[in-house]
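Here is the structure we will look at.
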Amino acid sequence: MDKQAVRHTLEQLAAFLELKGESPVRIRAFRNAARAIAGYPADLAQAADSDALRRLKGVGPATADLVRELLHTGRCSALDELREHIPPGLVEMLRIPGLGVAKVRQVHEGLGIESLADLEAAAADGRLAALSHFGAKTAENVRKGIAYLRQSSDLRLFHHALDETEAVRRALEALEGVLRVEVAGAVRRRCELIRELALVAVHGGNGAGAALVQRLGVASGVTEIAGKTGAVTLRFTSGTVVDVFLATEAEFGLCWIRATGSPAHLEQLEARARTAGGSLDAGPALSDEEGVYRSLGLAWIPPELREDEGELQAAADGSLPRLIERRDLRGFLHCHSNYSDGTVTIAEWAAACRAEGYEWVGITDHSESAAYGGGLRAEDVVRQHAEIDAVNRDAGGIRVLKGVEADILADGTLDYGAEVLDRFEFVIGSIHSRFGMSEAEMTRRVLTAMDDPHLAILGHPTGRLLLQREPYAIDLEKVLAKAALRGIAVEVNADPHRLDLDWRAVRRARELGVTVSIGADAHSTGGITNGAVGVGIARKGWLEASQVLNTRDADAFLALARRRRRAG
Ligand SMILES: [Zn+2]
Ligand SMILES: [Zn+2]
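Start counting the sequence shown at 44; every next residue gets the next number (the working numbering).
Below, the structure written as structure tokens:
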């Protein structure tokens, strides 16, 4: 890590503190230190390991320690902890050219906006322009800035990619001569990070394809079109770039398969067709995917599985899983309320979850040690539980469960201790601090926490934040094996910034017989859609409904926590 990288980290730290509304003195101190270090004339690593850096003007002992951690481990635990409790959408907004921390805070506090998609909507519908110090010109610049971000970073998070693809899909659907438009590509496979967006558009054939290409070229918002007949690439003023595959109804099945599968999956399909003495394209035109797979002696393969991870074999011998679906989820859990860093009251959570068809909702605010996340003191817990009891009395049609997201402390004990933890109906244990431990230390920390009979669910097991923070070092195999042994559920955290466990590890958890809990980690009712995102990852991990904890009714869900406590 060089001086410029250290400077960048310190500046980020200052920006995050400012987003949190911390004291201006502390913020200025980090900015000064960043400048001093960028201009330091000698070797920084040497200075950090000796006393020279501590004595440098503008750099105090605390910052010097932080720089040494950065140089030795490449990480900054102070930054990691802060990041844990700032809505990730706000961090993304900081990357919009010209927006800056003060305006991001204003947008968050004034309009309650926490995501790029919401910000883009507010820029379009005039809410942003109406904020003081904003105006139409700034709103327009924000819109352009979001477009610029999209163009400059080709990898994006699943939910952003889905929003972008859906917007284009709806626009194309309205075009004359389009019979049908379907989402394809990595979005349809529900990958956690998406590079390319793809759609399939169906036309009437006999020259209708060429006519459609012409119409696409002049469609509203399109600035550029490349390619012809079979597939075109469209570029929009919003910055979105989409590949559109064109097919007649008769060709649709194969075209959708080609536009969806990972390259490795498609290669396997080709190989199978060759072994049978043909090729994918030489077969008869087939209008549906089932027909194409059937012609190869295969059952239809759900798009999430088309990754060349053994799905062809399973489709050939009839052993594909019956994948979980959104409607299988009976409970919504891992919700933060206004008792900690969420924005929603208990009653609002109950109403939102009932409206989405859930039977129960598990509230899990932060525990006391999570100072950044507004963790609850023991006396707040009493208040919160009385409120939950009242909501359960008054609100029909949904049951609110008393849960907690307790910090797994550095020594592996759970925050609060047994006496307070006993008051909760279930406990998620998560790591929110000291991410820089060695693999051996971190693994020991988590395994120790799993010995506590209060721990029912292990929250976001690797701590990753997609495109922002790598997972911490941990021996997942040991953790999953212990979860299976002890009957502890492991979370698929469905916050689209996390999607942790990774679906590849979900597959391993499934093999080991671990029960998976889909946790929304929602801080506002906007997070209600995380449930479906989590189901996508569970499906990618080959999970069936019976393997997912929140497909059970409330009593069966709580039985897991009770069984754990009795075992202790
Ligand atoms: Zn957490
Ligand atoms: Zn959480």
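All C-beta atoms, glycine included, are put in the ideal place defined by N, C-alpha and C.
Contact test: residue i Cβ vs ligand 2 heavy atom, cutoff 7 Å
i: H379; result: yes
i: D543; result: no
i: R123; result: Checking the displayed sequence, the identity of residue 123 turns out to be Asp instead of Arg. No, Cβ of D123 sits at least 7 Å from all heavy atoms of ligand 2.
i: E448; result: yes
C-beta contact flag for residue i and residue j at 8 Å
i: L171; j: A182; result: yes
i: Y83; j: A90; result: yes
i: L555; j: L508; result: no
i: Y459; j: S410; result: yes
i: T568; j: V434; result: no
i: P345; j: L366; result: yes
i: I451; j: W403; result: no
i: L125; j: V110; result: no
i: T558; j: L592; result: yes
i: E207; j: L240; result: yes
i: R50; j: A85; result: no
i: I189; j: L162; result: yes
i: E235; j: L542; result: yes
i: V578; j: E368; result: yes
i: A563; j: A537; result: yes
i: A438; j: A516; result: no
i: K8; j: L87; result: The question about residue 8 has no answer, for the chain in this structure spans 44 to 611.
i: R608; j: P496; result: yes
i: K271; j: V261; result: no
Check: residue i C-beta below 7 Å from any heavy atom of ligand 1
i: H308; result: no
i: S473; result: yes
i: D564; result: yes
i: H503; result: yes
Between the CA atoms of residue j and residue i - distance to the nearest angstrom
i: E448; j: T407; result: 5 Å
i: R118; j: A251; result: 56 Å
i: I561; j: H540; result: 14 Å
i: C396; j: A575; result: 13 Å
i: V275; j: T291; result: 15 Å
i: D465; j: I431; result: 16 Å
i: L297; j: L312; result: 11 Å
i: K583; j: R488; result: 29 Å
i: A166; j: R138; result: 16 Å
i: W299; j: R317; result: 20 Å
i: L56; j: V144; result: 12 Å
i: A229; j: R315; result: 22 Å
i: L114; j: D108; result: 10 Å
i: E294; j: F288; result: 11 Å
i: L363; j: A357; result: 5 Å
i: V424; j: A79; result: 45 Å
i: A204; j: A610; result: 44 Å
i: E61; j: S196; result: 25 Å
i: H202; j: E209; result: 10 Å
i: L586; j: T486; result: 25 Å
i: D598; j: L444; result: 10 Å
i: A453; j: A58; result: 26 Å
i: D360; j: G340; result: 9 Å
i: K525; j: F467; result: 23 Å
i: I70; j: V147; result: 16 Å
i: V470; j: R193; result: 39 Å
i: G334; j: A342; result: 9 Å
Assumed close pair residue i, residue j - CB separation to whole angstroms, cut-off 8 Å
i: L242; j: L215; result: 7 Å
i: G506; j: G472; result: The Cβ separation is near 13 Å, so there is no contact.
i: L198; j: L544; result: The Cβ separation is near 20 Å, so there is no contact.
i: H475; j: E127; result: 5 Å
i: E157; j: P140; result: Incorrect: roughly 20 Å between the Cβ atoms, too far for contact.
i: T594; j: A588; result: 5 Å
i: R212; j: V224; result: 5 Å
Legend entry - Three-pair Cβ contact test at 8 Å for the region 245-261 versus the region 318-336: Segments in contact, no.
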